[in-house]
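Numbering (numbering that gives the first Met the number 0), first residue to last: 0 to 260.
For each residue, glycine too, the CB sits at the ideal point set by N, CA and C.
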Amino acid sequence: MTVRDDIAVTPLDEAAVDLREARFAIYYAPPSDSAWWYEGSRWLGRDAQSGAPCDAPAVPGLSQSLHGLTIDARRYGWHATLKPPMRLRDGAGVSDLRAAAMAVAARHRGFDVSVHAALLGAKEDGTRGFMALRPAHGQAAREAIDALAHDCVTSLDALRMPATPDELAQRRATGLTPRQDALLQRWGYPFVGEEFRFHMTLSDRVGDSDATAIRAWWAPRVAALGPLPVNDIAIFVQARAGEPFHLAQRIALRASMGDEA
(Lines of atoms letter the chains of each structure in order from A; the text may use other names.)
(Lines give C-alpha, C1' and ligand atoms only; values in the text may rest on other atoms or scores of the structure.)
Protein backbone atom coordinates (compact mmCIF):
# COMPACT_ATOMS: atom_id res chain seq x y z
CA MET A 0 0.00 0.00 0.00
CA THR A 1 1.33 3.39 -0.98
CA VAL A 2 1.03 6.17 1.59
CA ARG A 3 1.94 9.70 0.62
CA ASP A 4 2.58 12.44 3.16
CA ASP A 5 2.12 15.40 0.85
CA ILE A 6 2.76 18.22 3.28
CA ALA A 7 5.98 19.06 5.03
CA VAL A 8 4.66 18.53 8.57
CA THR A 9 1.85 16.00 8.77
CA PRO A 10 -0.84 16.49 11.44
CA LEU A 11 -1.04 12.69 11.64
CA ASP A 12 1.78 12.61 14.14
CA GLU A 13 0.09 11.28 17.29
CA ALA A 14 1.88 13.83 19.45
CA ALA A 15 0.85 16.75 17.23
CA VAL A 16 -2.91 16.20 17.47
CA ASP A 17 -5.13 16.70 20.51
CA LEU A 18 -7.56 13.81 20.07
CA ARG A 19 -10.02 15.41 22.48
CA GLU A 20 -10.60 18.23 19.99
CA ALA A 21 -9.50 17.07 16.55
CA ARG A 22 -11.87 15.78 13.90
CA PHE A 23 -10.83 13.50 11.06
CA ALA A 24 -12.49 12.84 7.72
CA ILE A 25 -11.86 10.65 4.70
CA TYR A 26 -12.31 12.71 1.56
CA TYR A 27 -11.64 12.47 -2.11
CA ALA A 28 -9.33 15.24 -3.29
CA PRO A 29 -8.00 15.62 -6.85
CA PRO A 30 -4.26 15.03 -7.35
CA SER A 31 -2.30 17.94 -5.93
CA ASP A 32 -0.34 18.41 -9.15
CA SER A 33 -3.46 18.45 -11.33
CA ALA A 34 -5.41 21.28 -12.95
CA TRP A 35 -8.44 20.01 -11.06
CA TRP A 36 -6.73 20.74 -7.74
CA TYR A 37 -5.56 24.14 -8.93
CA GLU A 38 -8.97 25.23 -10.20
CA GLY A 39 -10.86 23.99 -7.14
CA SER A 40 -8.42 25.45 -4.63
CA ARG A 41 -8.37 28.88 -6.22
CA TRP A 42 -12.16 28.79 -6.52
CA LEU A 43 -12.48 28.28 -2.76
CA GLY A 44 -9.58 30.63 -2.00
CA ARG A 45 -7.45 28.12 -0.07
CA ASP A 46 -5.15 25.21 -0.80
CA ALA A 47 -6.13 22.61 1.81
CA GLN A 48 -2.86 20.75 1.38
CA SER A 49 -0.37 23.59 1.77
CA GLY A 50 -2.68 25.84 3.78
CA ALA A 51 -1.84 28.74 1.48
CA PRO A 52 -4.51 31.26 0.44
CA CYS A 53 -5.37 31.43 -3.25
CA ASP A 54 -6.59 34.33 -5.37
CA ALA A 55 -10.17 33.52 -6.33
CA PRO A 56 -11.22 34.09 -9.95
CA ALA A 57 -13.52 36.89 -11.04
CA VAL A 58 -16.91 35.35 -11.83
CA PRO A 59 -19.33 37.45 -13.89
CA GLY A 60 -22.89 37.77 -12.62
CA LEU A 61 -22.40 37.07 -8.92
CA SER A 62 -24.34 39.12 -6.36
CA GLN A 63 -21.18 39.52 -4.25
CA SER A 64 -17.56 38.43 -4.29
CA LEU A 65 -16.92 34.73 -4.73
CA HIS A 66 -15.00 34.82 -1.45
CA GLY A 67 -18.23 35.77 0.32
CA LEU A 68 -20.13 32.85 -1.21
CA THR A 69 -17.62 30.17 -0.18
CA ILE A 70 -17.05 30.85 3.52
CA ASP A 71 -18.13 27.43 4.81
CA ALA A 72 -16.93 25.56 1.74
CA ARG A 73 -13.47 27.11 2.08
CA ARG A 74 -13.13 25.87 5.66
CA TYR A 75 -13.59 22.26 4.54
CA GLY A 76 -11.32 22.56 1.50
CA TRP A 77 -11.61 21.21 -2.03
CA HIS A 78 -13.00 17.72 -1.56
CA ALA A 79 -15.82 15.23 -1.81
CA THR A 80 -16.91 13.54 1.41
CA LEU A 81 -16.47 9.78 1.75
CA LYS A 82 -16.41 9.42 5.55
CA PRO A 83 -17.77 12.56 7.26
CA PRO A 84 -15.78 14.37 9.97
CA MET A 85 -15.60 12.52 13.26
CA ARG A 86 -13.73 12.53 16.53
CA LEU A 87 -11.94 9.31 17.42
CA ARG A 88 -13.47 7.23 20.18
CA ASP A 89 -11.64 6.71 23.46
CA GLY A 90 -8.81 4.25 22.98
CA ALA A 91 -8.49 4.83 19.23
CA GLY A 92 -5.52 6.67 17.78
CA VAL A 93 -4.26 8.13 14.54
CA SER A 94 -2.43 4.91 13.70
CA ASP A 95 -5.74 3.03 13.90
CA LEU A 96 -7.35 5.50 11.52
CA ARG A 97 -4.47 5.24 9.08
CA ALA A 98 -4.54 1.44 9.15
CA ALA A 99 -8.29 1.32 8.58
CA ALA A 100 -8.07 3.78 5.68
CA MET A 101 -5.25 1.75 4.11
CA ALA A 102 -7.38 -1.40 4.35
CA VAL A 103 -10.25 0.34 2.58
CA ALA A 104 -7.97 1.66 -0.17
CA ALA A 105 -6.58 -1.83 -0.78
CA ARG A 106 -10.06 -3.08 -1.68
CA HIS A 107 -10.79 -0.54 -4.44
CA ARG A 108 -9.39 0.21 -7.86
CA GLY A 109 -8.98 3.70 -9.27
CA PHE A 110 -11.53 5.10 -11.71
CA ASP A 111 -12.57 8.30 -13.46
CA VAL A 112 -15.83 10.17 -12.96
CA SER A 113 -17.29 12.81 -15.27
CA VAL A 114 -18.95 15.71 -13.47
CA HIS A 115 -21.07 18.79 -14.03
CA ALA A 116 -22.09 21.75 -11.86
CA ALA A 117 -25.53 21.43 -10.27
CA LEU A 118 -27.66 23.00 -7.54
CA LEU A 119 -28.21 20.69 -4.57
CA GLY A 120 -30.28 20.91 -1.40
CA ALA A 121 -32.93 23.42 -2.52
CA LYS A 122 -36.33 22.75 -0.93
CA GLU A 123 -39.92 23.62 -1.72
CA ASP A 124 -40.15 25.68 1.46
CA GLY A 125 -37.74 28.18 -0.07
CA THR A 126 -34.55 26.87 1.51
CA ARG A 127 -31.73 27.76 -0.82
CA GLY A 128 -29.46 25.17 -2.31
CA PHE A 129 -25.71 25.09 -2.79
CA MET A 130 -23.69 24.56 -5.94
CA ALA A 131 -21.54 21.46 -6.34
CA LEU A 132 -19.93 19.24 -8.93
CA ARG A 133 -21.93 16.03 -9.38
CA PRO A 134 -21.40 12.91 -11.50
CA ALA A 135 -22.67 13.64 -14.99
CA HIS A 136 -23.11 10.18 -16.43
CA GLY A 137 -21.71 6.67 -16.31
CA GLN A 138 -23.32 4.03 -14.10
CA ALA A 139 -20.02 2.21 -13.53
CA ALA A 140 -18.38 5.32 -12.08
CA ARG A 141 -21.39 6.01 -9.85
CA GLU A 142 -21.32 2.46 -8.54
CA ALA A 143 -17.57 2.66 -7.91
CA ILE A 144 -17.76 5.91 -5.94
CA ASP A 145 -20.82 4.71 -3.99
CA ALA A 146 -19.01 1.49 -3.06
CA LEU A 147 -15.89 3.39 -1.97
CA ALA A 148 -17.91 5.78 0.20
CA HIS A 149 -19.94 2.94 1.75
CA ASP A 150 -16.75 1.06 2.62
CA CYS A 151 -15.25 4.18 4.23
CA VAL A 152 -18.39 4.82 6.28
CA THR A 153 -18.86 1.28 7.55
CA SER A 154 -15.24 0.16 7.96
CA LEU A 155 -14.10 3.21 9.91
CA ASP A 156 -17.18 3.52 12.08
CA ALA A 157 -15.73 1.48 14.93
CA LEU A 158 -13.25 4.33 15.42
CA ARG A 159 -15.92 7.06 15.59
CA MET A 160 -16.89 8.85 18.76
CA PRO A 161 -20.72 8.90 18.89
CA ALA A 162 -22.28 12.23 17.97
CA THR A 163 -23.23 14.47 20.88
CA PRO A 164 -26.85 15.58 21.44
CA ASP A 165 -25.89 19.06 20.23
CA GLU A 166 -24.39 17.65 17.04
CA LEU A 167 -27.49 15.57 16.39
CA ALA A 168 -29.72 18.59 16.97
CA GLN A 169 -27.66 20.67 14.56
CA ARG A 170 -28.06 18.06 11.83
CA ARG A 171 -31.79 17.73 12.47
CA ALA A 172 -32.27 21.48 12.24
CA THR A 173 -31.67 21.29 8.49
CA GLY A 174 -34.77 19.10 8.08
CA LEU A 175 -34.31 15.34 7.66
CA THR A 176 -36.54 12.57 6.39
CA PRO A 177 -37.26 9.68 8.79
CA ARG A 178 -34.77 7.54 6.88
CA GLN A 179 -32.08 10.22 7.06
CA ASP A 180 -32.68 10.58 10.79
CA ALA A 181 -32.25 6.84 11.23
CA LEU A 182 -28.97 6.98 9.31
CA LEU A 183 -27.88 9.93 11.46
CA GLN A 184 -28.44 7.91 14.63
CA ARG A 185 -26.64 4.85 13.24
CA TRP A 186 -23.69 6.45 11.44
CA GLY A 187 -23.53 10.00 12.83
CA TYR A 188 -24.39 11.46 9.42
CA PRO A 189 -27.68 11.43 7.49
CA PHE A 190 -26.33 11.25 3.94
CA VAL A 191 -24.79 7.79 3.76
CA GLY A 192 -25.83 4.55 2.10
CA GLU A 193 -28.69 5.09 -0.33
CA GLU A 194 -28.82 8.77 0.71
CA PHE A 195 -25.19 9.37 -0.33
CA ARG A 196 -24.66 11.76 -3.23
CA PHE A 197 -21.07 12.25 -4.35
CA HIS A 198 -20.42 15.97 -4.71
CA MET A 199 -17.66 18.56 -4.52
CA THR A 200 -19.04 21.70 -2.92
CA LEU A 201 -18.60 24.93 -4.86
CA SER A 202 -20.55 27.37 -2.70
CA ASP A 203 -22.51 28.00 0.43
CA ARG A 204 -26.27 28.39 -0.04
CA VAL A 205 -27.01 30.73 -2.94
CA GLY A 206 -29.91 32.25 -4.85
CA ASP A 207 -30.89 31.39 -8.41
CA SER A 208 -28.86 34.13 -10.09
CA ASP A 209 -25.67 33.15 -8.28
CA ALA A 210 -26.30 29.49 -9.09
CA THR A 211 -26.66 30.38 -12.77
CA ALA A 212 -23.43 32.38 -12.74
CA ILE A 213 -21.51 29.59 -11.02
CA ARG A 214 -22.86 26.98 -13.43
CA ALA A 215 -21.90 29.15 -16.41
CA TRP A 216 -18.35 29.65 -15.10
CA TRP A 217 -17.75 25.97 -14.47
CA ALA A 218 -19.35 24.48 -17.60
CA PRO A 219 -16.48 25.21 -20.02
CA ARG A 220 -13.84 24.41 -17.43
CA VAL A 221 -15.33 21.02 -16.61
CA ALA A 222 -15.36 20.24 -20.33
CA ALA A 223 -11.71 21.26 -20.65
CA LEU A 224 -10.52 19.47 -17.51
CA GLY A 225 -12.19 16.16 -18.32
CA PRO A 226 -13.14 13.45 -15.81
CA LEU A 227 -11.99 13.55 -12.20
CA PRO A 228 -9.29 10.91 -11.58
CA VAL A 229 -10.12 9.01 -8.40
CA ASN A 230 -6.79 7.37 -7.62
CA ASP A 231 -6.53 7.79 -3.85
CA ILE A 232 -8.35 8.75 -0.70
CA ALA A 233 -7.21 11.46 1.67
CA ILE A 234 -7.24 11.92 5.42
CA PHE A 235 -8.24 15.47 6.35
CA VAL A 236 -7.77 16.88 9.85
CA GLN A 237 -9.45 19.73 11.71
CA ALA A 238 -7.33 20.50 14.76
CA ARG A 239 -10.19 22.11 16.70
CA ALA A 240 -13.70 23.41 16.13
CA GLY A 241 -13.94 26.33 13.73
CA GLU A 242 -10.50 25.85 12.21
CA PRO A 243 -10.00 24.85 8.56
CA PHE A 244 -9.53 21.26 7.52
CA HIS A 245 -6.10 20.32 6.16
CA LEU A 246 -5.17 17.48 3.85
CA ALA A 247 -2.77 15.43 5.93
CA GLN A 248 -2.19 12.24 3.98
CA ARG A 249 -3.09 10.52 0.72
CA ILE A 250 -3.47 6.75 0.41
CA ALA A 251 -3.43 5.26 -3.08
CA LEU A 252 -6.20 2.98 -4.26
CA ARG A 253 -5.16 -0.43 -5.50
CA ALA A 254 -5.23 0.38 -9.24
CA SER A 255 -2.97 3.36 -8.63
CA MET A 256 -0.23 0.93 -7.61
CA GLY A 257 -0.54 -1.20 -10.75
CA ASP A 258 -2.08 -4.15 -8.89
CA GLU A 259 -4.20 -6.07 -11.36
CA ALA A 260 -4.64 -9.16 -9.19
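For residue i, the nearest candidate out of the options (CA to CA)
i, options, result
"glutamine 248", "Ser40, Leu96 and Leu18", "Leu96"
"valine 221", "Val191, Val112, Arg196 and Gly241", "Val112"
"arginine 133", "Asn230, Ala240 and His198", "His198"
"arginine 159", "Ala105, Phe195, Asn230 and Lys82", "Lys82"
"glycine 137", "Phe110, Leu155 and Ala55", "Phe110"
"glutamate 142", "Ala121, Phe195, Ala131 and Arg204", "Phe195"
Alpha-carbon spacing of residue i relative to residue j, whole angstroms
i, j, result
"arginine 45", "alanine 21", "20 Å"
"proline 10", "arginine 127", "Bear in mind that the predicted position of proline 10 carries a pLDDT of just 46, short of 50, making it unreliable; the figure below should be weighed with that in mind. Proline 10 and arginine 127: Cα-Cα distance of roughly 35 Å."
"threonine 69", "alanine 148", "24 Å"
"alanine 172", "proline 243", "23 Å"
"proline 30", "alanine 181", "35 Å"
"valine 8", "proline 177", "Confidence at valine 8 is low in this model, with a pLDDT of 34, below 50, so the placement of that residue is unreliable and no value is reported for it."
"arginine 106", "alanine 157", "18 Å"
"alanine 146", "glycine 192", "9 Å"
"histidine 115", "glycine 225", "10 Å"
"leucine 119", "alanine 15", "37 Å"
"glycine 241", "alanine 210", "26 Å"
Buried/exposed call for residue i, threshold 16 Cβ in 10 Å
i, result
"glutamine 246", "Note that residue 246 is leucine in the sequence shown, not glutamine. That one is buried."
"serine 202", "buried"
"aspartate 207", "exposed"
"serine 94", "exposed"
"threonine 163", "exposed"
"aspartate 124", "exposed"
"threonine 80", "buried"
"serine 40", "buried"
"aspartate 237", "Before going on, a small fix: residue 237 reads as glutamine here, not aspartate. By the 10 Å Cβ count, glutamine 237 comes out buried."
Identified DSSP bridge partners for residue i
i, result
"proline 116", "The identity of residue 116 in the sequence shown is alanine, whereas the question assumes proline. Leu132."
"lysine 82", "Ile25"
"histidine 245", "Val236"
With a cut-off of 8 Å, do at least 3 Cβ pairs link the region 203–217 to the region 43–63?
yes
Is the region 40–55 close to the region 74–92, with three or more CB pairs under 8 Å?
yes
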